[in-house]
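Just so you know, my numbering puts 159 at position 159 of the sequence shown, and the rest follows in order with no gaps.
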Amino acid sequence: MNVYEKLVKINDRQTDRVVDLQIMEATSRNIGGIPQPDSGVPNASHGGTAGAIVCMAAALLSPDSKHYRSEKLLIRMDFAVEFMLSRQHADGTISLGGTNVNSPPDTGFVVAGFCQLYELLASCDWDLMEPTAAKVRLFLAYSIPALTTGGVHTPNHRWVLVAALSGLHGIFGGEELIRRAEAWLAEGLDYTDDGEWTERSNGIYNAVSNIMLIYAAERLGKPELLEPVRKNLRMMTYLIHHDGEVVTEYSGRQDLGARADLSNYLLCYRVMAERDRDPLFAAMYDLAAERIQMMGAANNHALLGWHSMPCPHVDDLPRAPLPDQFMKLINGSYPIEEQLARMEGAGHHGIIHHSSIHRSFGAQLLRYRDGISSATMMTRSNVFFSLRHGDARLHGIGLYTMFSPGTVELQRLQQTGSGCRLEVAMEKGYYGPVPTEALPESARSACSPWYLLPHHVRELTHVQQHQIEVDIDRDGETWVVRLSSERPADVLMQASLVLDADMTIEGSAEQMEDGGLLWTEGTLRCMAGDYGFEIVGGRSDHQLGYMHGTKTPRGARVVLINLLTPFVHELRIRPIAAEAFSVGKSEGTTNAS
1 MNVYEKLVKI NDRQTDRVVD LQIMEATSRN IGGIPQPDSG VPNASHGGTA GAIVCMAAAL
61 LSPDSKHYRS EKLLIRMDFA VEFMLSRQHA DGTISLGGTN VNSPPDTGFV VAGFCQLYEL
121 LASCDWDLME PTAAKVRLFL AYSIPALTTG GVHTPNHRWV LVAALSGLHG IFGGEELIRR
181 AEAWLAEGLD YTDDGEWTER SNGIYNAVSN IMLIYAAERL GKPELLEPVR KNLRMMTYLI
241 HHDGEVVTEY SGRQDLGARA DLSNYLLCYR VMAERDRDPL FAAMYDLAAE RIQMMGAANN
301 HALLGWHSMP CPHVDDLPRA PLPDQFMKLI NGSYPIEEQL ARMEGAGHHG IIHHSSIHRS
361 FGAQLLRYRD GISSATMMTR SNVFFSLRHG DARLHGIGLY TMFSPGTVEL QRLQQTGSGC
421 RLEVAMEKGY YGPVPTEALP ESARSACSPW YLLPHHVREL THVQQHQIEV DIDRDGETWV
481 VRLSSERPAD VLMQASLVLD ADMTIEGSAE QMEDGGLLWT EGTLRCMAGD YGFEIVGGRS
541 DHQLGYMHGT KTPRGARVVL INLLTPFVHE LRIRPIAAEA FSVGKSEGTT NAS
């Protein structure tokens, strides 16, 4: 496979699309912009018009592109750059579009990509490119005040700004850029020994943090910034399915449960394979190149990065076999409970505005892989077990309780011989009166608002514990999931199995609203093409339908099992192929789909 030729063809297709979509009406305030596919409104973001500019530029710079040095395309790109300048606010920022108004981090995403873009355009020996290159430089210059003073929302935004600041310094100089980058880096890098980033986003933000630190390490002369990148790239070798999709079932961001591949990692693996002469990284680069369908946003565009970060030796490196048979514990040594206990002293009281506290950072998980079968056992997540077998996807098994109504997040994982034990002890009590000496002045007024009382000083009474255990093991090819909870008695619970919406489900289960199924007894056979699962373990301890939090996610079907404490309940999940399914049909099941 010639990766460069593949990237050029994909980029040419994307370029054709954005040119077709580009607004060129002379009277439009959006002239030059590319409408977003969801809203139909153009914006200046790294995934919007800025990303389209990078596609056009990569085509213009690639000798094998059908658009190489096309004057018509250059005119279109110039219009798009003019649109970017028209959308740059007086303070140097851009807005994401519909949200994140005057956003330094979203400006940083664009700047990180445009720094590479400008350097390539400026070094191009095509005179016609110079005016457009000058406009890109102008956009970058206008962004400097925003990035030397602006803040962030999320953990990865810090490394986006560091990359952008270091890129601007490489073009313009200016010690204020370095000082601001160093101020962000002084906060320390947020990764575990096994390579997990705070946001646990294998589908999106791992690659963002990785590529941004790759840029920054080079521009700042700080090779130590590459250590978390290496660790994350190694961790990801255990977080892919047989078809190259990545595990997203426990993400802390918007890729939660979404289908994603290694496309966003292509540049990361390519550059690090070249730098470290690493056969494992080279093999993962090959897998990313095999699966890639889209070029990526302006900050991580595969073809532009190919030109800006040449890797002349990567094709000559030996390739290591990728792990496809393993049981791997991740974050087993991370002291998550000790770290969370220290949070009280941080002073923010668990509140971070416009972001998340990410309490699941460093949570333990256990990964299993055997060829086309792949399983994930998770703590501190909405689901605790997911399973893939060929095209069949059990996105997760979750638990819900009325003890403290909502999702059960299992807190601890102990690895066993061929599986693990997961457990949680939930607590719930009641709250006594506020002590007299702690009462505020409002308590003595005619109206004493509830929200003005110091609830944190109330005495906790009648504390109860709800202990839940899950044991996961393998019996031959069958996964055995044993659910148990002994106390308190008569707590209403549900187990939910989240399957792909397009799977065929046969068995004795009652149809519910939104396409969900209430499974009371017997066996279910769930198929996707030639692969599927035979699942034993229906049960009906109560009559509730959907409990809090069990509504069907988009693109999925939920199978519910009603449980009442005390209980010990076993699910047996056997991966099967189409031949086994055909034999099973003779048992007389009914169609639940």
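C-beta atoms are modelled at their ideal positions from N, C-alpha and C, and glycine is treated no differently.
For clarity, every value in this text was computed on a predicted model and none was experimentally measured.
Determine the closest residue to Leu220 out of Val162, Asp12, Thr478, with distance taken between C-alpha atoms. Val162
Whole-angstrom distance between Asp391 and Ala608, CA atom to CA atom: Past the edges of the chain, shown from 1 to 593, lies residue 608, and the structure says nothing about it.
At the level of alpha carbons, what is the spacing between Leu518 and Leu340? 37 Å
For Gln339, three-class secondary structure by DSSP: Helix, per DSSP.
Beta bridge counterpart(s) of Gln494 as assigned by DSSP: Tyr400, Asn562
Residues near Ala302 by beta carbon distance below 7 Å, same chain, minus five either side: Leu7, Leu266, Leu267, Ile292, Met295, Gly296
Give the secondary structure of Met602 by DSSP, where H, G and I count as helix, E and B as strand, and everything else as coil. A query on residue 602 cannot be resolved here, the shown segment of the chain reaching from 1 to 593 and no further.
Using the Cα positions of Lys51 and Gly98, report the straight-line distance between them to the nearest angstrom. According to the sequence as given, residue 51 is Gly; it is not Lys. Their Cα atoms are separated by approximately 17 Å.
Let's see if you can read the secondary structure: which residues bound the beta strand (DSSP E) around Cys420? 420-431
Phe384 versus Gly406 - alpha carbon distance: 15 Å
Let me make sure I understand the geometry here. Which of Val536, Asn562, Ala556 has the alpha-carbon closest to that of Met547? Asn562
Beta strand (DSSP E) containing Gly417: first to last residue? Per DSSP, Gly417 belongs to no beta strand (DSSP E) and is neither H nor E.
With H, G and I counted as helix, E and B as strand and the rest as coil, what does DSSP make of Ala594? In the structure as shown, the chain begins at 1 and stops at 593. Residue 594 is therefore absent and cannot be evaluated.
Are the beta-carbon atoms belonging to Val463 and Glu427 less than 8 Å from one another? yes
Contact the segment 71-88 vs the segment 12-32: 3+ CB pairs below 8 Å: yes
Is the beta carbon of Glu199 closer than 8 Å to that of His358? yes
Apart from the five residues just before and just after Leu329, which ones in its own chain have a Cβ nearer than 6 Å to its Cβ? Leu366, Gln415
Among residues of its own chain, excluding the 5 on either side of Thr248, which ones have a beta-carbon nearer than 7 Å to its beta-carbon? So the qualifying residues of the chain are Asn202, Gly203, Asp255, Leu256, Gly257, Ala258, Ala260.
Heavy atom of the ligand ADP within 7 Å of Leu121 beta-carbon: Of ligands this structure carries none, so the ligand ADP is not represented either.
Tell me which residue opens and which closes the beta strand (DSSP E) that Ala509 is part of. 504-511
Where Ser374 and Thr504 are concerned, what is the direct C-alpha to C-alpha distance, given to the nearest angstrom? 20 Å
For the alpha helix (DSSP H) containing Pro618, list its first residue and its last residue. This structure gives no information on residue 618, because the portion of the chain shown stretches from 1 to 593.
Using only alpha-carbon positions, find the residue among Ile573, Gly113, Pro454 that is nearest to Cys55. Gly113
Using the Cα positions of Glu290 and Leu21, report the straight-line distance between them to the nearest angstrom. So the alpha carbons of these two residues sit roughly 28 Å apart.
By Cβ distance below 6 Å, which residues in the same chain neighbour Ser582 in space, the five residues on each side in sequence not counted? Any answer about Ser582 is weak, because its pLDDT of 48 lies below 50 and its placement is not dependable; what the coordinates show is given next. There are no such residues.
Does DSSP put Tyr605 in a helix, in a strand, or in coil? Nothing about residue 605 can be reported from this structure: the residues present for the chain run from 1 to 593 only.
CB-CB length for Leu60 against Ser70, believed under 8 Å: 7 Å
In three-state terms, what does DSSP make of Gly532? strand
Helix, strand or coil, according to DSSP, for Pro63 in the structure here? Reduced to three states, the DSSP call for Pro63 is coil.
Work out the CA separation of Ile144 and Gly174 for me, nearest whole Å. Each residue's Cα considered, the two are about 10 Å apart.
Determine the DSSP secondary structure at Gln14, reduced to helix, strand or coil. Gln14: helix per DSSP, three-state reduction.
In angstroms, rounded to a whole number, what distance separates the CA positions of Ala425 and Asp473? 21 Å
For Gln465, I'd like the list of residues in its chain whose CB is within less than 6 Å of its CB, leaving aside the five on either flank, ordered along the chain. Ala425, Glu427
Counting along the chain, where does the alpha helix (DSSP H) carrying Ser166 start and finish? Ser166: member of the alpha helix (DSSP H) spanning 155-172, first to last residue.
Roughly how many angstroms lie between the CA atoms of Leu177 and Lys72, to the nearest whole one? 37 Å
Where Lys222 falls: helix, strand or coil (DSSP): coil
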